[in-house]
Amino acid sequence: MIIIVGAGITGLALGELLKRKNIPFRIIEASQRPGGNMSSLQMGPYLIEEGPNSLQMNDQLFYWLTQLQLSEDVVYSLPAAKNRYILKSSKYQKLPKGPQSLLLNTSLSLQAKKRIINERRVKSLAPHNESIDAFFRRRFGDEITDYVVYPFVSGIYAGDPKQLMVKAAFPNLLKWEKSYGSLLVGMIKQRNDQVHKGIFSFQEGLQRLVDRLADKVSAEISFDQEVSRLYASDPMYLHMNKGKGIEGNKIVLTVPAYQAAKILQSSYPQIAKDIAKIYSPPVSVVYTAYKKQQIKHSLRGFGALHNQVERSNTLGTLFSSSVFPNRCPDGEVLLTTFVGGSLHPNWALAPEAEIKERVTEDHQRFLGVKGEPVFQHLRKWEKAIPQYTVDIYPAWEHEETLENHGIYLGGNWIGGISVVSCIRRAFYLANKLEAGVSNKVVEVK
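Structure follows, in structure tokens:
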């Protein structure tokens with residue numbers, strides 16, 4: 179029997195794949211709901227994504243959604259979402275979308291444009307453990323790094339590019355550099371590889387995927403059962419805080435790193451210590467609705483992200499109602515704004531009123547907002563996104579040792595932080611687990 183600890187997207191997807199293969203399993207979830215940090219809330223007329231806001235389609239994902247009978251429920255982003263903005267010279271400026279728009283774009287200097295065009299002439303290769311900051315300064319120079327890369331990294335990791343390792347956080351960049359001598363060429367070739375692509379969600383939000391998976395494996399999930407420790411017996415034994423325990427031949431930990439470390443502490447103290455070093459900074463997310471006439475900016479875009487050169491109170495804002503339809507009432511706009519992260523963790527932990535004040539000030543400065551919001555909702559994540567810094571490598575190096583003991587690792591701290599990466603990890607684990615699984619399970623009081 180396989181025991182999956184955690185009913186987040188990795189655990190649910192893995193369970194669905196194992197069930198399709200007729201492999202016995204059990205999912206143990208500490209909370210009273212599935213999905214982990216994926217949660218879509220319908221708050222009156224407002225559809226709020228408390229976790230990930232959208233997914234990036236690819237061929238494997240589309241085929242899987244088809245098998246789940248969800249492909250027809252997919253909602254792709256609106257045309258306006260193709261536009262992306264960065265903060266520069268105290269205002270939001272549109273990023274170029276292609277070669278022609280690059281030449282006409284005014285958000286980047288002539289020197290920066292030359293660096294982009296000549297990027298393929300950079301012959302140097304990344305040294306060992308090069309940071310994202312160093313990697314992009316080497317290939318594109320300071321302006322692109324400060325005004326494009328820093329906001330981009332903040333939008334994905336809420337992290338510090340000087341601390342994040344390019345090999346861990348964006349491994350494809352190193353592959354493109356080595357294979358093609360150019361990131362731009364690599365991006366173009368990757369874009370042409372996929373038949374199904376684009377940013378998408380579902381009519382009811384990303385919760386639709388979570389709910390469908392939970393329905394598929396409902397008979398195999400136990401909720402409100404927190405695993406506190408693992409004992410490396412044969413079979414292995416998982417102790418739960420509410421007095422029950424369960425035995426399994428193979429254990430899959432799909433929980434956050436800090437929870438995985440706690441579970442492994444008793445039997446694998448050094449491994450647990452290395453996993454516990456993975457840092458997940460706090461992030462607060464503020465959802466704000468205004469009447470359209472309150473905002474000067476057109477909001478024709480996916481959103482706007484901030485840099486660390488110019489003063490701002492937030493990491494940036496997604497124009498949620500411009501990305502997908504039916505997120506708020508007609509005549510209103512819905513914004514999603516991020517505060518905190520690795521560079522400003524204390525901002526995310528401030529009192530609610532202070533966080534909302536920071537958000538309102540940035541809306542007024544950069545979007546031309548007048549007046550008070552008609553709706554506002556705050557979600558705090560004390561441990562948000564795992565940071566792929568040098569501290570991630572020792573944790574990853576234990577993967578083979580644990581697998582030799584029948585323990586497998588999943589979740590967004592290994593294999594990629596995105597939802598799509600977690601789903602890919604579930605496929606990888608399902609294939610590994612397919613052989614040599616015992617059907618025996620013993621529950622212990």
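264 is the number that the working numbering gives to position 86 of the sequence shown; each next residue is one higher, with no gaps. We treat Cβ as the ideally placed atom computed from N, Cα and C, and that holds for glycine.
Excluding five sequence neighbours on each side, which residues of the same chain lie with their C-beta closer than 7 Å to the C-beta of residue i?
i	result
F516	A336, V461, V463, T492, L493 and G494
L607	L192, V430, Y586 and G588
P650	Outside the shown range of the chain, which is 179 to 623, sits residue 650, and nothing can be said about it.
S285	I264, K266, Q271, K272 and L273
K423	Per the sequence shown, the amino acid found at residue 423 is Gly instead of Lys. So the list reads Y415, L416, H417 and V622, once near-sequence residues are dropped.
A410	S445 and H583
V433	V183, G184 and G589
Q234	I377 and V598
N261	K272, R478, G479 and F480
H555	M221, I226 and Y465
R390	L246 and L248
V373	D237
Residue j and residue i - do their beta-carbons sit closer together than 7 Å?
i	j	result
A439	L431	no
S596	I377	no
I182	I205	yes
A562	S458	yes
Y241	F544	no
W591	A435	yes
Y325	K375	no
A467	E530	no
D338	S490	no
G479	F497	yes
A304	L362	no
A258	S445	no
E398	F203	yes
K356	S309	no
D251	F380	yes
A346	I570	yes
Return the CA-CA distance between residue i and residue j, expressed in angstroms with no decimal places.
i	j	result
P212	I456	24 Å
N524	E535	15 Å
I264	A482	5 Å
A312	Y566	15 Å
L243	S249	5 Å
V622	K272	Because V622 sits at a pLDDT of 34, beneath the cut-off of 50, its placement in the model cannot be relied upon, and the following sentence gives the value as read from the coordinates. The alpha-carbon atoms of V622 and K272 are separated by roughly 60 Å.
A613	H583	15 Å
S360	R369	14 Å
G189	K291	44 Å
Y465	S302	43 Å
N236	R407	37 Å
Q289	L239	39 Å
Y254	L387	15 Å
L196	L416	20 Å
Q542	W574	43 Å
L280	D540	27 Å
L256	I441	43 Å
A392	G594	22 Å
K394	Q247	11 Å
H522	L512	24 Å
P526	K199	It should be noted that the sequence gives Ala, not Pro, for residue 526. Roughly 43 Å separates the two Cα atoms.
N283	K474	21 Å
P564	S332	13 Å
S287	I295	13 Å
Leaving out five residues on either side along the sequence, give the residues of the same chain with a beta carbon under 6 Å from the beta carbon of residue i.
i	result
K548	Q472
T323	F314 and R315
W559	V461
V619	With a pLDDT of 41 at V619, under the threshold of 50, the modelled position of that residue is not reliable, and no figure is offered here.
Quick test of your reading: residue i and residue j, contact by CB under 8 Å. State the CB separation rounded to the nearest angstrom.
i	j	result
M179	N427	6 Å
K469	V552	6 Å
F401	E207	5 Å
D452	H576	6 Å
R505	Y224	7 Å
R299	F318	Rounded, the Cβ-Cβ distance is 12 Å, inconsistent with contact.
M418	E404	6 Å
S218	E382	6 Å
M343	V568	6 Å
S268	E488	6 Å
L580	I449	7 Å
E228	R557	5 Å
L611	I201	7 Å
Only counting the same chain, and skipping five residues up and downstream in sequence, which positions put a Cβ closer than 8 Å to that of residue i?
i	result
N350	G364 and Q368
D412	none
K420	D402, Q403 and E404
F348	I310
Using 7 Å as the limit for Cβ to Cβ distance, is residue i near chain D?
i	result
P274	The chain inventory of the structure shown lacks chain D, comprising one protein chain alone.
Original post:
Hey, which unbroken runs of the beta strand (DSSP E) at 3 residues or more fall wholly within the segment 421-465?
Top reply: The segment 421-465 contains these whole beta strand (DSSP E) runs: 423-426 and 428-431.
Subject >> Residue ranges of each alpha helix (DSSP H) within the segment 314-343, 4 or longer >> reply: You should have 328-335.
Original post:
In chain order, which alpha helix (DSSP H) runs of at least 4 residues are fully inside the segment 545-619?
Top reply: 570-574, 577-582 and 597-611
**OP:** Taking only runs that begin and end inside the segment 221-263, name each unbroken alpha helix (DSSP H) of 4 or more residues, in chain order.
**Re:** 237-245
**OP:** Could you name each continuous beta strand (DSSP E) segment of 3 residues or more that falls completely within the segment 341-383, going from the start of the chain to the end?
**Re:** 376-380
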